[in-house]
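Taken in order, these protein sequences are the chains called A and B.
Mapping of the first sequence onto the working numbering: residues 324 to 660, in sequence order.
Mapping of the second sequence onto the working numbering: residues 324 to 660, in sequence order.
Here's the structure, in structure tokens; my notes come after.
There are 2 protein chains.
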Amino acid sequence: MKMSIFSVQDHYPDQPRSLGQLYGQVLEQARRAEQLGYDTFWVAEHHFHEYGAVPNPAVFLAALSQQTTRLRLGTAISILTFHNPLTVAENYALVDQLSQGRLSLGVGSGYLKHEFEGYDVDPATKRERFDQNLMLVERLLAGERVSHEGKFNRIHAVRLNVQPVQQPVPVYVAILRREAAYHVGRQGRRMLFVPYAAVDNFEEIGLMMQDYRRGLAEAGIEDATGMAAVALHTHVAATDDEARERAARAFDLYVDTRLYARKQVYDDIIASGLSLFGSARTVADKLARLADMGLDHVMSLHNFGLMPQDRVLESMQRLMAEALPLSGVRPASTVPA
Amino acid sequence: MKMSIFSVQDHYPDQPRSLGQLYGQVLEQARRAEQLGYDTFWVAEHHFHEYGAVPNPAVFLAALSQQTTRLRLGTAISILTFHNPLTVAENYALVDQLSQGRLSLGVGSGYLKHEFEGYDVDPATKRERFDQNLMLVERLLAGERVSHEGKFNRIHAVRLNVQPVQQPVPVYVAILRREAAYHVGRQGRRMLFVPYAAVDNFEEIGLMMQDYRRGLAEAGIEDATGMAAVALHTHVAATDDEARERAARAFDLYVDTRLYARKQVYDDIIASGLSLFGSARTVADKLARLADMGLDHVMSLHNFGLMPQDRVLESMQRLMAEALPLSGVRPASTVPA
């Protein structure tokens, strides 16, 4: 099982923690993640709202590339619908170079109404834009000289001046609804999803994985190792009660500031099972069940709702040093990539 | 006098130095620049050609922000005509945060034909695009909620989620021709220019500064301290002959790969005077003359044409430790910003 960090960087401008302080904390979390053996540090892209405080993950990951040497650097996700695919490809090729080949490119089409309005993009076009732009970004990152006359872009024999180190850069498609898993599988693509936003309860994660693997199999891919990653809100403490004491208020603050998502507060999410909240034992059992579902990559989101930095770091540490060993699941280093 | 570094990052894919190695050298140059007391590390933006190997300075500067603590981080320039002003403002606000307020934003409209073609932008629209986009970027970076219905952008009540630390971020407008200096002055704006590309001989730099100051005066600005910066190709060696031995071939290679510019090779540029090539004494005299022209900020370009890293660093060192003291010009630390 690969364990990763997922960082949305929810920001609260009226609270004492400044943006600079938040970034400083996240940079420290990334350094610590590398020391603790986490696989990837995934950063979300959000615009025009404190929902998330990184408008361009490429810029943030370039900073992280200089604070780390082994940790992979991921986008979860780069919103392809809002940007010129030339610029997206240029940015992430540069990140792959600056990190010496550590980029994992999660991509998606976006879902927040205010972001589509801000970028003046009609949400009705998002599927088509996403498909076109993903195709163009992948061709550009593969080093092709691209010509394209499409509905949204005209490109005349352009080749990037900066090529990524990795050939190919691993691309993960983010999905929001269970139905999409089968289709992403059929395309033979890697997948990532946030169960909190995508399904109603823990068992559905397994159903989604079944759909995905059925799609993969139809695409001729029987071995799904390293293909899917799932993001779960996480706080590991000494006991389940201590986890609740430490994380419930922070999580509820975070949930309260989320836009357009189903809002399950702490007690709801304990009931639905869509989290890694609890003691190392509780979380270990969850990890074992995820492994049984065929998942081998968990993105854990520890930093939410102004959770104090020392507790974020403690939870990150407990997940790797206590919960993962208790789970009986093999850590990533013994699993082939 | 503020001394800075200007980094175009010309790349030669057929030569042994890889892109990763080039970036590694530039990161080391930035660390060394900070140690040596340079003011700003300016990075150029170039697309689709090895002319320059940084398609997005914001990404590169984010990496530099983690390798330095005092050095200012500049764009020379960010090409406003090719990009959505929302994205430009988002990127550079993030760089200003990650660097804790060290961004200097040089902006320009671009001049390379293949870049306009690549981004499918009609060069005939570049003036209008530039003016519109600069206005929007500045309003966004000032924290305004912006609404705008223009020829190139429609923005509906958007405010950045990430604001820069500096209020305001210093903005420098790059000019390519002497005539523009007066107009930039009249707008009360900071200016930067590369004499190699803009004028025919050293004395014209002074005339350009006179034009600029006349414009500034008409805008009510009598004190031009810190307002203009000039970029010059630089190699400081033990003697003028050693400078030629070390730099001529590298400079001629670099010039040979430049697109659409007047091509003065090493001996031409010694004749026109538009460089800082030579012994510390020779370069000191040039610095003194630039100071007499009213210039108080020099951007020195030491890394060109596959110049070996140890010689780039040696030249950077000689400029600060030998040429500047010999010039009699006050170094930046004693000049008010």
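By construction, the Cβ of each residue, glycine as well, lies at the ideal position given by its N, Cα and C atoms.
Nothing here was measured: the structure is a model prediction, and the numbers come from that model.
Any Cβ of chain B closer than 7 Å to the Cβ of A:L417 would place that residue at the interface, and such an atom is present. Among the residues facing chain A, B:A353 is not included, as its CB has no counterpart in that chain under 7 Å away.
Remark: three or more beta-carbon pairs, one from each stretch, lie closer than 8 Å, so the region 357-368 of chain A and the region 378-397 of chain A are flagged as touching.
Here A:D579 is exposed: its Cβ has fewer than 16 other Cβ atoms, across all protein chains shown, within 10 Å. Here the C-alpha atom of A:L428 lies approximately 45 Å from the C-alpha atom of B:P654.
Scanning the region 472-545 of chain B for uninterrupted beta strand (DSSP E) segments of 3 residues or longer gives 477-481, 494-498, 513-516, listed from N- to C-terminal end. Secondary structure remark: continuous beta strand (DSSP E) runs of at least 3 residues inside the region 548-581 of chain B, in chain order: 551-560. Cβ proximity to chain B below 9 Å picks out N476, R477, I478, H479, A480, V481, R482, L483, N484, V485, Q486, V488 from the region 473-496 of chain A.
In this structure, the beta-carbon distance from A:H370 to A:G441 falls below 7 Å. Against B:L629, chain A offers no close residue; the least beta-carbon distance is about 16 Å (beta-carbon pairs closer than 9 Å). By the criterion of a C-beta distance shorter than 6 Å, A:G511 is surrounded in its chain by A542, I544, once the five residues flanking it on both sides are discounted. Shortest Cα-Cα distance from B:A480 to any of A:A412, A:Y519, A:F439 involves A:F439. Residue pairing by DSSP puts A:R395 in a beta bridge opposite A:T363.
At least 7 Å separates the beta-carbon of B:A603 from that of B:L539. A direct Cα-to-Cα measurement between B:P493 and A:D419 gives close to 30 Å.
The residue from B:N476, B:A561, B:L597, B:A447 with its alpha-carbon nearest to that of B:S638 is B:A561. Classified as exposed, A:P336 has fewer than 16 neighbouring CB atoms from the shown chains inside 10 Å of its CB. When the alpha-carbon of B:H372 is set against those of B:Q587, B:K436, B:Q423, the nearest one is in B:K436. Taking 7 Å as the threshold, the shortest C-beta distance from A:P446 to chain B does not fall below it. When 8 Å is used as the limit between beta carbons, A:F383 is near these residues of chain B: A385, L417, L421, in chain order.
Checking the DSSP bridge columns, you'll see A:G429 partnered with A:Y495.
Under a criterion of Cβ atoms nearer than 7 Å, the residues of chain B adjacent to A:A376 are, in order, N484, V485. Here A:K586 carries a coil assignment [DSSP, helix/strand/coil]. Within chain A, the C-beta atoms nearer than 9 Å to that of B:S388 come from A385, A386, Q389, in chain order. The beta-bridge partner set that DSSP reports for B:H620 consists of B:K325. Along the region 325-359 of chain A, going in chain order, the ones with a CB nearer than 8 Å to a CB of chain B are H334, L342, G343, Y346, L350. Within the region 426-443 of chain B, the residues whose Cβ lies closer than 8 Å to any Cβ of chain A are, in chain order, E440, G441, Y442, D443.
For A:E413, the nearest beta carbon of chain B is closer than 7 Å to its own beta carbon. Proximity to A:R569 across A:A547, A:V635, A:E645, A:N407 peaks at A:V635, based on C-alpha coordinates.
In this structure, the beta-carbon distance from B:V331 to B:A367 falls below 7 Å. Non-local C-beta neighbours of B:A416 in its own chain, meaning closer than 7 Å and more than five positions away in sequence, comprise L464, L483, V485, Q486, P487, ordered along the chain. Straight across, the Cα-Cα distance linking B:E565 with B:H556 is about 16 Å. B:N524 has a beta carbon lying at 7 Å or more from every beta carbon in chain A. Taken residue by residue, none of the region 453-475 of chain A has a beta-carbon sitting less than 9 Å from a beta-carbon on chain B. Under DSSP, B:L599 shares a beta bridge with B:T557.
When the Cα atoms are used, A:L359 and A:A644 turn out to be separated by approximately 8 Å.
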